[in-house]
Structures are given as structure tokens and as C-alpha cells.
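*Asks:*
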Amino acid sequence: MKQPRTLFEKIWDRHSITTNEAGQTLLFIDRHFCHELSFHAFNMLHGNNRMVRHPERTFAIPDHYTPTTGLEDKDYIDADTQALVENLIKNATRNKLNLFDLGDDRRGIIHVVGPEQGITQPGTIIVCGDSHTSTHGALGALAFGIGASDVSHVLATQTLWQPKPKSMRVTVKGKRPIGVTAKDIILAIIGHIGAAGGTGHVIEYAGPIIQDLTIDERLTVCNMSIEAGARAGMIPPDNTTYRHLKGRPFAPQGEAWEKAEEFWRTLPTDTAATFEREETLDATSIEPMVTWGTSPEDVIPVSGAIPDPKLETDPKRQTALNRKMEYMGLKPGQLVSDIKVDRVFIGSCTNSRIEDLRDAAEVLKNRTVCIPAIIVPGSGLIREQAEQEGLDQIFEAAGVEWRPAAGCSMCIGVNGDSVKNEERCASTSNRNFEGRQGRGARTHLVSPAMAAAAAISGRFTDVRKMGKN
Amino acid sequence: MEPFTCFTSVAVPMDQDNIDTDQILPARHLMMPRDERYGGYVFKDLRLDQDGNEIETFVLNKEEFRQSRIIVAAHNFGCGSSREGAVFTLVDAGFRAIIATSYGDIFYNNSFNNGLLPVVLPEKIVRLLRQQLHDGPGAEVTVDLEAKTVTGPDQAVYPFEIDAHRRNRLLKGLDAVGYTLQYASNIKTFEEQYNDAAPWELDAIA
Ligand code: SF4
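Protein chains in written order, with my numbering: chain L, 1 to 469; chain P, 1001 to 1206.
1. Is P/Asn1113 helix, strand or coil when you go by DSSP?
2. Compare the C-alpha of P/Gln1050 against each of L/Lys246, L/Glu389, L/Gly438 and name the closest.
3. Let me know the secondary structure DSSP gives L/Glu279 once reduced to three states.
4. Is the beta carbon of L/Gly174 less than 9 Å from the beta carbon of L/Ile209?
5. In its own chain, which residues sit with a C-beta less than 7 Å from the C-beta of L/Asp63, not counting the 5 before and 5 after it?
6. Counting only Cβ-Cβ distances shorter than 8 Å, please list the residues of the segment 413 to 432 of chain L near chain P, keeping chain order.
7. Measure from the C-beta of L/Leu84 to each C-beta in chain P and report whether the shortest distance is under 9 Å.
8. Using a threshold of 9 Å, state whether the C-beta atoms of L/Leu142 and L/Ile126 are closer than that.
9. Taking only runs of the alpha helix (DSSP H) that begin and end inside the segment 202 to 252 of chain L, which ones reach a length of at least 4 residues, in chain order?
10. Can you tell me which of the three DSSP states L/Met450 falls into?
11. For the ligand SF4, any of its heavy atoms closer than 8 Å to the Cβ of L/Ser225?
12. Would L/Cys349 and L/Asn223 qualify as a contact pair, given that the criterion is a beta-carbon distance under 9 Å?
13. Closest by CA to L/Gln158, which one among P/Ile1019, P/Val1059, P/Val1012, P/Ala1176?
14. Nearest by alpha-carbon distance to L/Glu396: which of L/Ala230, L/Val369, L/Asn415, L/Val414 is it?
15. Compute the Euclidean distance between the alpha carbons of L/Ala156 and L/Arg94, then round it to the nearest angstrom.
16. Check each candidate in P/Thr1005, P/Val1072, P/Ser1081 and name the one with the smallest Cα separation from P/Gln1132.
17. Listing by chain order, which chain L residues have their CB less than 8 Å from the CB of P/Tyr1038?
18. Indicate whether L/Gly329 and P/Asn1076 have their beta-carbon atoms separated by less than 9 Å.
19. Does the Cβ of L/Ala408 lie closer than 8 Å to at least one heavy atom of the ligand SF4?
20. With a cut-off of 9 Å, does the C-beta of P/Asp1017 fall near any C-beta of chain L?
21. Please report the distance separating the alpha-carbon of P/His1165 from that of L/Met168.
22. In three-state DSSP terms, what is P/Lys1062?
23. Quick one: what does DSSP say L/Ser38 is sitting in, helix, strand or coil?
24. Buried or exposed: L/Ala272, going by 16 or more other Cβ atoms within 10 Å of its Cβ?
25. Which residue marks the beginning of the beta strand (DSSP E) containing L/Leu445, and which one marks its end?
26. Using only CA atoms, which one of P/Asp1154, P/Asp1144, P/Lys1124 lies nearest to P/Gly1136?
27. For L/Cys370, which three-state DSSP category applies?
28. State yes or no: is the C-beta of L/Thr135 within less than 9 Å of the C-beta of L/Gly114?
29. Under the DSSP definition of a beta bridge, which residues are partnered with L/Leu478?
30. Tell me, which residues are paired with L/Pro122 by DSSP?
31. Is L/Ser131 near the ligand FMN, judged by its Cβ being under 8 Å from some heavy atom?
32. Between P/Ile1106 and chain L, is the shortest Cβ-Cβ distance under 9 Å, so that the two count as touching?
33. Within its chain, find whatever has a CB closer than 7 Å to the CB of L/Tyr76; leave out the 5 residues flanking it on each side and keep chain order.
34. Would P/Met1031 pass as a contact of P/Tyr1041 if the rule is Cβ separation under 9 Å?
35. Quick one, which residues of the segment 431 to 454 of chain L are near chain P if we go by CB-CB under 8 Å, in chain order?
36. I want to see whether chain P comes within less than 9 Å of L/Thr135, judged by CB atoms only; does it?
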């Protein structure tokens, strides 16, 4: 009888080329995504006169710096930004990579496009010079972010040296309360284990609530694994996964599909396998969540109040809390529902998929927003789908700006969609770091439904209490 | 890449936990080509206000710490985005080593690719080192990669653990791709077997 193994170990083992004397493993990489900021890696590669070893396994998709109002010259904030986008296209063409070019409807945020196109498959190893690569783990892949030198290494060799991460299982128990979204679940998990709680680990999410999640929801959960410090997050593949993949352009077809599915079914963690760490969380008490500080672990339920630094006994933690409070412009004890919001962003690789847009539309329907709000679809295909369903009309009738071109947008604010100094933004993205959405920007992370509710009332509102409209 | 063996310098204490890569290098500056110097952008929004004036309270703006090339940080240093620019900017600003209780995984990995040594020491020691640096600003710390030790301002010596592969590469200043290419035949054999075992895997892309 074979040693019982976890999903992570099975994927790790099948990609191990060799192990060196220091115990690092040389891993084979199945899929590699590049974006505009991969330019450092291409420069390193070309500077050393090296070539891309497997262009067919490499996908180039501009998403960070592309404008969202359109893709004409005039839509770019400046010439440098446009040059950066064009540089990626040039590098992709020169190296014969798979390119989802500007006019291509399939183009969008890398972590949205991979799963949508079926490029992301169970049992594969996927890397990208972007920390939210962890998203792809939702389909049972081992997917993680790397830096520019490693991107260049993967381009040249299709491999990567890695020390073996530790394994950790996060089991979500209990019943999922009505009105609690995948975003609330992952925010609660991060609040529970902390922003460094998963450092050095690959997290497998488990429990009936996780199994019941749709693929869009699983992607949201795995996306934010990195905010718990984890190397990667993953969910074992199951019928939901196979139903999602079947017929996708880059998924295997016909007889190859049969073989693939047979193999994928061997991947889930064996019952007797053990994890180096186990954490559990009861979902019953999760509410719609809002972050109040400058780390995703600073999360409280919408019914909660801002913590009081004076109650913190550790002086170092007290100083840190005071600083967050000052940056965010909040007062100790202030109710979350009393916090006024200046603008709303719905989008990013965390929450820009069709189900996210439907969630937002349900709240916005027949209502009007009182603060500026933008919604940016995760890919061109999602935009088309949303427009077919008439969601764009709901958004526009509500006074929300529906952006025509997909991309990262206000999540990172480098394409011109940014939050102003001291402006408070309810955002469906994944990072509330100081200056993330623009210098001095005050970011509160929430679900799409909660963001939509904030847009309507101008402050944080429990979306479950808004009633039918 | 500059090899790292043993390095002594004034060290600067940074008490905050979770100093993320957006704070080390704000996203606005990610577009710069590598041959431009990144050093001037290090901790930009912590160091300078909107008008470009120094923020007095930020520790690196204090006279005694201006020359420091080692950072003694706290918990989860370099968490957040995968941007290697965060390491470029530290290296270009002259930093050669960080001491902390833990790091963002990607940042940790990126450091080794640029000759920056991230040392992990237990909380108690890191706290003590920071305290000593606050008490005697301008004091020096030594990081010895050969001996795998850190020497504090009071000459107390603390051993640290480090992965042998990364240590070797740093000691020799080795280029990672060059190292891997020694395994070219292993890679080739692996690929052939892999493609046979999972033929569907390249189905739609090859
Ligand atoms: S949407 Fe935000 S988090 Fe996601 S890839 Fe883009 S910048 Fe990164």
C-alpha cells in the first residue's frame, strides 16, 4: 500500500525533477503567465542571450497597466504606461508566446483568464510574477507567485528550485449563514490565522462549506491565501471542477479528456494523509466582513466597532494600532456602520467574475448610488456575459460607471484608476496596505454585495438588512 | 551578483510588523528599468511627504541611521506583492542584510537572487537587537554568512539557520540559471517521461 499523501504532495512529487544536496527540489512548471511587469525578467533573459524554453507553456496577458475606459491611445494615463504594455506584446511576439492581445475578448486579469480559458487545470504547477497566482489553486493546481529573477529562470528552463513548503489544512465547519459570501469566509480565515499565519505553508481548504462553493467562489478564497502569508492555497478537484473545465478552449478534449479526468480523480488528499498544521473555523458566526486597518488581518464584522488601542497591553502592538488608526482616519470604538465611504471599486482578481457582478447587480437594482463607484469586469468575456444578462443596464441606471475594458484597475492604481489621498474606498480587491490604491488611500476590503451596499448608502451597511427592492 | 560573506555596518531598527512591499517600493515606481537606480525610492512614502520633504519621525531620516546598511525589522517583513523591485530598491540603497523573525515568502526568495541576505532570528533576540539600536543609535551589527552568525552591538553572538543551497549561491554570487543548466539532461529526461505520462496536458496548447 502506498504512503497516503495530500493533494499538494501528489502534485509536488509528480513535478520533481531532482533534489540537490541542500534538499531543494527542481520542479517542472506546466504553465507560466507573464504581464507587463515581467519586463525585468525578459531583460535578464535577453541580456544573457537565452531563449524561452517552452513558449507554448507561456502566456502573456497585459492587465496591470491597461486602461479601463477603452484601449485607445487617449485612454492611457501617459506614454510610459502605454510603452510598458507594448513592451510585453513585443516580448511575447519576439519569443512566440501565447498572447492575449489588447483587442482580444479573452484578455483580462491573468488570474481570471487562466481559469476561464481552461489553462488552469488540476494537478498542474502554475507560476506567475504575481503573488495572487495562488488563485489558480481553486481548480486543484499548485500555483504560486515568484519574483522577476525566478520568472527569468522559468522562461529559460521551465523549472524552479524550491524548498518543500509545509502543508496546512484549514477546515471550515458549520453552516454557511445566508448572505455570507466567499469573500467574507476568506477574510474571516485571515482574521483567524493572521497575515503571517500561513507563512511557509501551502493551505488546503476543506470542509462541506468549501466543497459547496462554486468555482467563482473558490477562486475568491484561494486568491487571498497570500494575504494569510501562505505560499499557495488549493481546493481538491471534484465534479464542480470538471463541470467547469469541460469544453473550455484550453482544456483537453475527447479521449484526452477521459484520460485527464481519470487522472484528476486520483489527486484529492488521501483520507489517511496528515498535514503539518490543522486549523478550523466555524462558519456559523461569520457575518459580512469589513477590514478597518492596513493589513487584511485587521478584519471585523459589519456589526462591529473599531478596536481601542488603549486596551492593547503590548506596547509595540499598541503603537502599531495607533498608526493604523491614524492612517485610516478612524476613532477607537467607532461603529463600522458609522464610517462614511467616499468611493467604491468593484473588480480585481478577487471579485470581478460574473457571479460577483451578479451579486452587485442584485443590490444595485432599482437603487441609486450616492458616491462615485466603478465596476471593472475581470475579462472581456465576462464583460460580454454581463451585458448579455443586462447587468450593465442595472449598473448604469444606478449611477455606477461600468468600465468597458478589463484589467487590474483600482486594485493597484497604476493605470490611472486610483484613490486620492485620504479618500476612503470600499473595495472588493485583496490588499488594504498603506498607499496600495494610491498614496494616502484608505482601503476597506469587502465583498461585491457589501461594496454595492456602501455605494448606495454612502457608509458601510449590512447588505442583509437592506431588504428587497 | 555581489557575493556575500561577512558584513558589518550600522544597523537601523524598524519596529513595525508586516512592512509590506508596497511600503518598501510603492507601486507607482514599478515601471523603472533595472539600469535606473532604484535606491532613491526606498521606503518612499514612509520617508518623504507629498511635497518630497523628509518625514522627521521616520527612523531612516535620523542622522545616526543614515549610513545603515543592515535593517533589524520585526515580523513578516516584505509581505505582500511579488515585486522584485522591493529588493532592487533595498540593494540599490546599499542594504546588504535584513534581520527579522519572519518574511513574506516571495520577498525572502527574491532577496537571494540579488545578494541581499534575509536572516531569521527568534523574536526575543530580534527585539533585543532593536532595543540596543534604539538605546545606542549608530551601533554596528555584523552578519557572517560563512559562520552563520549575527553579532550584536554588545558583541553577543547569535547563530542562525539557513538553507544550504541558498547560502552557497550567496557565498559565491552564483547566477541561478547557470547553476540549473548543469541539470539540463535531467530536465530533458524528465520532460520526455512527463509528456508520455500525461499526454493531455499539452493537448490544447502545443
Ligand atoms: S487585480 Fe490586483 S491583485 Fe489581482 S493581479 Fe491585478 S493588481 Fe494583482
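Note that beta-carbon positions come from the ideal geometry of N, C-alpha and C, so glycine has one too. Note that the structure is a prediction, hence the values are computed from the model and not measured.
*Replies:* Result, derived from the coordinates:
1. coil
2. A check of alpha carbon separations from P/Gln1050 across L/Lys246, L/Glu389, L/Gly438 identifies L/Gly438 as the nearest.
3. strand
4. yes
5. His35, Gly108, Ile109, Ile110, Gly407, Cys408
6. Gly413, Val414, Asn421, Arg431
7. yes
8. Between L/Leu142 and L/Ile126, the gap from beta carbon to beta carbon is short of 9 Å.
9. Listed in chain order, they are 208 to 211, 215 to 223, 239 to 245.
10. If DSSP states are grouped into helix, strand and coil, L/Met450 belongs with the helices.
11. no
12. yes
13. Nearest C-alpha to L/Gln158: P/Ala1176.
14. L/Val369
15. 14 Å
16. P/Val1072
17. The contacting residues do not exist; P/Tyr1038 stays about 11 Å from chain L at best.
18. no
19. According to the sequence displayed, residue 408 of chain L carries Cys and not Ala. Checking the Cβ of L/Cys408 against the ligand SF4 gives yes.
20. yes
21. If I take the Cα positions, the gap works out to 25 Å.
22. P/Lys1062 carries a coil assignment under DSSP once its states are collapsed to helix, strand and coil.
23. helix
24. exposed
25. 442 to 445
26. P/Asp1154
27. Residue state, collapsed to three classes: coil.
28. The beta carbons of L/Thr135 and L/Gly114 sit closer together than 9 Å.
29. Here chain L has residues from 1 to 469 only, and residue 478 of chain L is not among them.
30. Beta-bridge pairing links L/Pro122 to no other residue.
31. Ligands in the displayed structure: the ligand SF4; the ligand FMN is not one of them.
32. yes
33. Closer than 7 Å at the Cβ level, and outside the excluded window around L/Tyr76, lie Pro67, Gln82.
34. no
35. Arg431, Phe433, Glu434, Gly435, Arg436, Arg439, Gly440
36. no
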